[in-house]
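So the sequence shown is residues 1 to 733, counted in the UniProt record's numbering.
Glycine residues also receive a C-beta, built at the ideal position from the N, C-alpha and C atoms.
On a predicted model such as this, the values are computed, not experimentally measured, just so you know.
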Amino acid sequence: MDDKPTALSYYQKALEVRERSLAPNHPDIANSYNNLGTIYSSMGDKQKALSFYEKSLKIEKISLPSNHPSLVTSYNNIGTIYQSMTQYSTALSSYQKAYEICQKNHQLGQSDKAATTFNKLGSVHHAMEKHSDALSFFEKALEIQTKSSTPKQRDLALTYNNFGLTYNAMNDYQKALLYYEKTLDLEQKSLPKDHGDLAISYSNIGLVYDSMKDYTKALAFHEKARAIREKKLAPDSLLLASTYNNIGSAYFGMKDYKQALLFYKKAVNIREKSSSKDELDLATNYSNVGTTYSWMNEKSNALKYYQKSLAIREKKLSPDDLILATTYSNIASMYSDMKDYSNAISYYLKAVTIREKSSSKDELELATNYNNIGATYSWTNENSNALKYYQKSLAIREKKLSSDDLTLATTYSNIASVYSDMKDYSNAVSYYLKAVTIREKSSSSDELDLATSYNNIGASYSWMNDNSNALKYYQKSLAIREKKLSSDDLTLATTYNNVASIYFNMKDYSNAISYYLKAVTIREKSSSQDELDLETNYNNLGASYSSIDENSNALKYYQKALAIREKKLPSDDLTLATTYNNVASIYFNMKDYSNAVSYYLKAVTIREKSSSSNKLDLATNYNNIGNTYSWMNENSNALKYYQKSLVIREKKLSPDDLTLATTYNSIALMYFNMKDYSNAISYYLKAVTIREKSSSKDELELATNYNNVAVAYGAMEDKQNALIYYKKALEIR
1 MDDKPTALSY YQKALEVRER SLAPNHPDIA NSYNNLGTIY SSMGDKQKAL
51 SFYEKSLKIE KISLPSNHPS LVTSYNNIGT IYQSMTQYST ALSSYQKAYE
101 ICQKNHQLGQ SDKAATTFNK LGSVHHAMEK HSDALSFFEK ALEIQTKSST
151 PKQRDLALTY NNFGLTYNAM NDYQKALLYY EKTLDLEQKS LPKDHGDLAI
201 SYSNIGLVYD SMKDYTKALA FHEKARAIRE KKLAPDSLLL ASTYNNIGSA
251 YFGMKDYKQA LLFYKKAVNI REKSSSKDEL DLATNYSNVG TTYSWMNEKS
301 NALKYYQKSL AIREKKLSPD DLILATTYSN IASMYSDMKD YSNAISYYLK
351 AVTIREKSSS KDELELATNY NNIGATYSWT NENSNALKYY QKSLAIREKK
401 LSSDDLTLAT TYSNIASVYS DMKDYSNAVS YYLKAVTIRE KSSSSDELDL
451 ATSYNNIGAS YSWMNDNSNA LKYYQKSLAI REKKLSSDDL TLATTYNNVA
501 SIYFNMKDYS NAISYYLKAV TIREKSSSQD ELDLETNYNN LGASYSSIDE
551 NSNALKYYQK ALAIREKKLP SDDLTLATTY NNVASIYFNM KDYSNAVSYY
601 LKAVTIREKS SSSNKLDLAT NYNNIGNTYS WMNENSNALK YYQKSLVIRE
651 KKLSPDDLTL ATTYNSIALM YFNMKDYSNA ISYYLKAVTI REKSSSKDEL
701 ELATNYNNVA VAYGAMEDKQ NALIYYKKAL EIR
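Have a look at this one:
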């Protein structure tokens, strides 16, 4: 039961009696004002408390000697109110007046009141973050208290507690713990087991353990505080809210997010209902709930609570407050995770704007913001902006971090990734190598991160067609991954596939097949595989077997790839067209022209309907069908598809492209087979014209063209022209 209103009533009655019976400036009236100030202070009404303390002081200055102890008490009380209102310079001025009185009176200077004044001076310096000065004043208080023949245990405990608070603020957690434990020891000897001061000490010790990341011990002490406060306080007490928040933080540190959320929400429920709440504390609670939801991957809930926190902070804080910057970053992070990159960038930029202007900014926090913006632009493929912000981040990190810091390695990798996306593979390799240099030297490096860096370098070299270097780095990556990952890890499958692709490019098909099969073995066994990745592996095996003319194996794996693609892809997907084409090419190689035509036509059907189809790929499909019909001696069908191919190629290629020469030659051959020698010669000559002009011509192909023209003229019994072209062919051969 709260007895403050009752106490207030009695103090008011006492004041009325004294005002009626005593002179206006009597010290007892000052005492009544002081009592009323103390009650209003305990009720959180700072303005009324200050008013009564000042009335008390005014009378005391008139009625008491200038060095009277009551003046010390009044100045300290007034200072305490100003300090609670964060008016630290005014508070300090009031405390100093109390101190000056103590100095003028030797006996008073060694009294409990002097010790209290030193504690007050230390406390305000602590609040002003002048920690060394604070410690100096606490030492003075402690010196007086320990010299006393009858030291007051609670006053001594308060001094130890002040030491603990200051050392904690200085991140000297061992000393903070030492002084908090001294406080607790005194309190346990002098106070009931359920006293509120014990709860404060348990809470303080819990917070230190929390800072030391010893969350189990932190939780144990916070639970001790909770046991007292739940017993002694009303269920809507703000102190209980703080305790629940502390317990939530301990569970959060232990990664028990469900329990963390439970206690954070208990704190929120109390603060939301409280009429005397500090809204900024509620904002902190909302933020904690948001962070917990974030770690639970409940992004929409996380965003909801971050926005609740923001609504308060934007209202209560100055627009350049760094806490706002942190809140904007948290919201941006959620939008990024939800793939709403436009909003993510907007909020990251709000955070950056504050941090860039702040004189007290932590530059490494600014670097993190720049990095996050870079990452977000990277996700939206705005590579120039991504690079700009990654480089801003790098400029700070290179200045602030040691040259072997792993954060630098990550930044170099980020920049390299953007260069890779921009197809600037030379710069990509350069930055990936910077990252690798750091990771190779680091004793604390995660080897799998190093493996990723090696893999990225391999990929960049692969894009540069530098296959030997690509293979070297893919194999470095593989060596680590085979050692660190389980044998059925899908990352291994990807690495085997990468190594295989390089062997394929180097025409080492035996090794390519060996590594593709390793990848396939893992993917076939995996319950979490992406079937389309498996079909890509099957397709790659098909291509490798095709390259060494193992057509039955090639067909087997192309058909495995096709089975997945037909199941997983829409019927008009261009990847299906490519697969049909691959299967057709194997049937063609096996001289099964009927099946070859069937699959080529499936590919053509898709490409003809596709608005995004590459017309030259369609031309190639037409040409392949023409070739197949040619081998089946279906010259009219062959001619039909060669001409379809030609229509596209004449439109899409330059008139001197050698592919056109090949197409003209194919059409000419069909006309020849159909005994239409005039058209045959016409198309052979088109092919010849291109080949004669070409700087990169294959002279034997040109000789073959000359010979074909000669044969056609011969078939027309035009021996003169036939002889001319036979001679041209002979001159080359």
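Contact check, residue i vs residue j, beta carbons under 7 Å
i, j, result
"L532", "K568", "yes"
"Y99", "A91", "no"
"S477", "A470", "no"
"Y599", "W631", "no"
"L198", "E187", "yes"
"A561", "Y580", "no"
"Y473", "V499", "no"
"A722", "A703", "no"
"N540", "Y516", "yes"
"Y179", "N204", "no"
"K299", "D337", "yes"
"Y286", "S309", "yes"
"A619", "S645", "yes"
"T628", "V597", "yes"
Nonlocal neighbours in the same chain, by C-beta distance under 6 Å from residue i, ignoring five residues either side
i, result
"S184", "The displayed chain sequence assigns Leu, not Ser, to residue 184. Closer than 6 Å at the Cβ level, and outside the excluded window around L184, lie S201."
"A687", "A661, Y664, N665 and N705"
"K104", "N67"
"A218", "G206, Y209, D210 and A250"
"N551", "I586, N589 and M590"
"L639", "M670"
Inter-residue Cα distance where the pair is residue i and residue j
i, j, result
"K525", "D488", "8 Å"
"V647", "K615", "10 Å"
"F221", "N245", "13 Å"
"A241", "L324", "23 Å"
"D278", "K339", "34 Å"
"K232", "T243", "13 Å"
"H126", "N297", "39 Å"
"L349", "N372", "10 Å"
"N673", "K693", "27 Å"
"A7", "T38", "11 Å"
"S430", "N456", "11 Å"
"A169", "K213", "16 Å"
"A14", "K130", "42 Å"
"V418", "T452", "16 Å"
"E223", "T216", "11 Å"
"S501", "A512", "6 Å"
"N35", "D172", "38 Å"
"V352", "N369", "6 Å"
Best match in the options for proximity to residue i [C-alpha to C-alpha]
i, options, result
"Q11", "S21, Y40 and L22", "Residue identity differs from the one stated: residue 11 is Tyr in this sequence, not Gln. Answer by Cα proximity: Y40."
"residue 737", "D256, Y257 and A283", "It is not possible to answer for residue 737, since the shown part of the chain is limited to 1 through 733."
"L408", "D424, K441, N385 and D573", "K441"
"Y328", "I345, R691 and D340", "I345"
"Y377", "S359, D421, I606 and I480", "D421"
"N589", "N707, D549 and N371", "D549"
"A225", "K213, L207 and D698", "L207"
"S123", "F137, E356 and N553", "F137"
"E272", "M170, S237 and K46", "S237"
"K675", "S636, G196, E650 and P570", "S636"
"N25", "L64, N553 and E363", "L64"
"T291", "N383, I331 and M254", "I331"
"A30", "S51, Y557, P570 and D133", "S51"
"I144", "N497, S42, D172 and S111", "S111"
"M506", "K518, S544 and K152", "S544"
7 Å Cβ shell around residue i - same chain, five flanking residues per side excluded
i, result
"L142", "T159"
"E447", "I480 and K484"
"G248", "A260, F263, Y264, A267 and N288"
"T380", "Y341"
"M43", "K4"
Own chain partners of residue i with C-beta closer than 8 Å, once the 5 adjacent residues on each side are dropped
i, result
"M1", "Caution is warranted here: a pLDDT of 43 is assigned to M1, below 50, making its placement in the model unreliable, and the coordinate value is therefore given only provisionally. There are no such residues."
Where in the stretch 418-501 do unbroken runs of the alpha helix (DSSP H), each at least 4 residues long, occur, reported from the N-terminal end onward? 425-441, 447-463 and 467-484
Would you mind listing the alpha helix (DSSP H) stretches within the UniProt repeat "TPR" (619-652) that are 4+ residues and don't spill past its ends, in chain order? 635-652
Which full runs of the beta strand (DSSP E) of 3+ residues lie inside the stretch 119-152, going along the chain? none
With a floor of 4 residues, list each alpha helix (DSSP H) that falls wholly inside the stretch 281-351, ordered by position along the chain. 299-316 and 322-337
Could you tell me which uninterrupted alpha helix (DSSP H) segments, each at least 4 residues in length, are contained entirely in the UniProt repeat "TPR" (661-694), listed from first to last along the chain? 677-693
In chain order, which continuous runs of the alpha helix (DSSP H) of length 4 or greater are located wholly inside the stretch 543-576? 551-568
What ranges does the alpha helix (DSSP H) occupy inside the stretch 150-200, keeping only unbroken runs of at least 4 residues that lie completely in it? 153-169 and 173-190
List in chain order: all unbroken alpha helix (DSSP H) runs of 4+ residues lying wholly within the stretch 575-610. 593-609
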